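>
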Amino acid sequence: MNALAEKVSRMLVSKENHPQITEVRVKGCVIGGEQLIVIAGPCAIETEELLKETAFKVRGAGADMLRGGAFKPRTSPYSFQGLGVVGLETLARVGEAMNMPVITEVMDSDDIPAVAEYADILQVGARNMHNFSLLKKLGRTNKPVLLKRGMAATVEEWLLAAEYILAGGNSQVVLCERGSRSAEKWTRNTLDLSAVALAKELTHLPVIVDPSHGTGVRSLVMPMAKAAIAAGADGIIIEVHPHPEKALSDGDQSLTPRQFSILMREIEPVAKAMGRRIR
Ligand code: PEP
Ligand code: MN
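With the numbering used here as the guide, the letters of the sequence shown map in order to residues 6 to 284.
(1) Between which residues of its own chain and Pro106 is the CB-CB distance below 6 Å, once the five residues before and five after are set aside?
(2) Do Lys287 and Val179 have their CB atoms nearer than 9 Å?
(3) Give me the Cβ distance between Ala235 and Met279, rounded to the nearest whole Å; I'm assuming they're in contact under 8 Å.
(4) With a threshold of 8 Å, establish whether the CB of Asp255 neighbours any heavy atom of the ligand MN.
(5) Between the alpha carbons of Leu140 and Asn147, how many angstroms are there, rounded?
(6) Looking at C-alpha atoms only, which residue of Val120, Met103, Arg64 and Val129 is the closest neighbour of Val91?
(7) Assuming the contact rule is C-beta atoms closer than 8 Å, Ala68 and Ile50 should be a hit. Round their C-beta distance to whole Å, please.
(8) Check whether the Cβ of Gln128 sits closer than 8 Å to any heavy atom of the ligand PEP, and report yes or no.
(9) Kindly indicate which three-state DSSP category Thr59 falls into: helix, strand or coil?
(10) Gly237 and Ala202: beta carbons closer than 9 Å?
(11) Does the beta carbon of Cys48 fall short of 8 Å from some heavy atom of the ligand MN?
(12) Starting from the C-beta of Val150, find all residues in its chain whose C-beta is less than 8 Å away, skip the five residues before and the five after it, and write them out in chain order.
(13) For Pro211 versus Gly240, is the C-beta distance shorter than 9 Å?
(14) Only counting the same chain, and skipping five residues up and downstream in sequence, which positions put a Cβ closer than 8 Å to that of Asn194?
(15) For Glu54, list the residues DSSP reports as bridge partners.
(16) Whole angstroms are fine: how far does the CA of Ile267 sit from the CA of Glu250?
(17) Using only the heavy atoms of the ligand MN, determine whether one of them is closer than 8 Å to the beta carbon of Ser217.
(18) May I have the straight-line CA-CA distance separating Glu122 from Ile108, to the nearest angstrom?
(19) Roughly how far, in whole angstroms, is the beta-carbon of Gly46 from the beta-carbon of Gly89, given that I think they are within contact range, below 8 Å?
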């Protein structure tokens, strides 16, 4: 056994210790099963009308789950911070109406009860992957957690962050590759698909990819979504906004609903080639 395999074999996330692949079940959706899961929605919940329109369109195009941030980790304190609890209520209402499970970020341990009340999956953002007290508390919840890779985190650090949640007793963890900071300036991040293949090889956890944050560039979302599926991802999470030019956050990387429906069509043969079906 090489040194890496030996190191991972002592962890709860290790596939070697747990050959049975973890399937994360939320309402009717299974992440990590035969079906490729597509999560779509705006970066942030802005208004109920916009979220409804987005959800209706992405659902019609075949998305499985609805995303939308209510607590937004913005670089500047003067940027839109999200609607908070009002946003959570909106997300839950729209998800219910569209019969879509919902996912949203929890930024602070204090918000776990509120977010867990409304969301089906709790998202840990890239900026919080190293927030060990948050991870420990999420280990004690009974809600699935989507763990984004930190923007400069190694695969080992990412897997150890997941280990914190599993060690607390919560094994419903989905890993999410969302790109790392690199020397590159013409994309927002550098999407690391080798990390997807590696995480799939080493762990029993489902792994999904976020090509929206992974590139920061709308035109690159589709090719990277296809590449992610070809690399073995169990799903993708895509930012969609009816009017990306007016979005309060991440407009440059958001697809229009029309572009999203083209993406859904174009990923189908790739998914099929990988032995996965889409809804
Ligand atoms: C998001 O999903 O909107 C988000 C803030 O992602 P990340 O934590 O990967 O930057
Ligand atoms: Mn975003």
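Note that beta-carbon positions come from the ideal geometry of N, C-alpha and C, so glycine has one too.
These figures come from a predicted structure and were not determined experimentally.
With the structure as the only source:
(1) In the sequence shown, the residue the question calls residue 106 occupies position 101. Contacts found: Val31, Lys32, Cys34, Met70 and Asp125.
(2) Look at the range of the chain in this structure, 6 to 284, and you will see that residue 287 is not part of it.
(3) Here residue 235 corresponds to residue number 230 of the sequence shown, with the count starting at 1. Here residue 279 corresponds to residue number 274 of the sequence shown, with the count starting at 1. Contact holds; Cβ gap of about 7 Å.
(4) Translated into positions along the sequence shown, residue 255 becomes position 250. Asp255: yes, Cβ under 8 Å from the ligand MN.
(5) By one-based count along the sequence shown, residue 140 stands at place 135. By one-based count along the sequence shown, residue 147 stands at place 142. Rounded to the nearest angstrom, the two C-alpha atoms are 13 Å apart.
(6) Position 86 of the sequence shown, counting from 1, holds the residue named residue 91. Looking at the Cα atoms, Val120 is the closest of the given residues.
(7) In the sequence shown, residue 68 corresponds to position 63, counting from 1. In the sequence shown, residue 50 corresponds to position 45, counting from 1. Going by Cβ atoms, the distance from Ala68 to Ile50 rounds to 16 Å, so no, they are not a contact pair.
(8) For the purposes of this step, residue 128 is taken as the residue at position 123 of the sequence shown. Flag set: Cβ of Gln128 near the ligand PEP.
(9) Counting from 1 along the sequence shown, the entry for residue 59 is found at position 54. If DSSP states are grouped into helix, strand and coil, Thr59 belongs with the helices.
(10) The residue given as residue 237 occupies position 232 in the sequence shown. The residue given as residue 202 occupies position 197 in the sequence shown. A contact, by the Cβ cut-off of 9 Å.
(11) Counted from its first residue, the sequence shown places residue 48 at position 43. Yes, the beta carbon of Cys48 sits closer than 8 Å to at least one heavy atom of the ligand MN.
(12) In the sequence shown, the residue the question calls residue 150 occupies position 145. Taken in chain order, the residues that qualify are Ile126, Leu127, Gln128, Val129, Leu143, Ile170, Asn175, Gln177, Val178 and Val179.
(13) Residue numbering aside, residue 211 sits at position 206 when the sequence shown is read from its first letter. Residue numbering aside, residue 240 sits at position 235 when the sequence shown is read from its first letter. In this structure, Gly240 lies closer than 9 Å to Pro211 by Cβ.
(14) For this step, residue 194 is matched to residue 189 along the sequence shown. Correct list, in chain order: Met156, Arg183, Gly184, Ser185, Arg186, Ser187, His218, Gly219, Thr220 and Gly221.
(15) Taking the first residue of the sequence shown as 1, we reach residue 54 at position 49. Answer is none; Glu54 lacks a bridge partner.
(16) The residue you call residue 250 lines up with position 245 of the sequence shown. The residue you call residue 267 lines up with position 262 of the sequence shown. Going by the C-alpha atoms only, they are around 19 Å apart.
(17) By one-based count along the sequence shown, residue 217 stands at place 212. Yes, the beta carbon of Ser217 sits closer than 8 Å to at least one heavy atom of the ligand MN.
(18) Position 117 of the sequence shown holds residue 122. Position 103 of the sequence shown holds residue 108. The alpha-carbon atoms of Glu122 and Ile108 are separated by roughly 12 Å.
(19) In the sequence shown, residue 46 corresponds to position 41, counting from 1. In the sequence shown, residue 89 corresponds to position 84, counting from 1. Not quite, the Cβ-Cβ distance comes to about 17 Å (not below 8 Å), so this is no contact.
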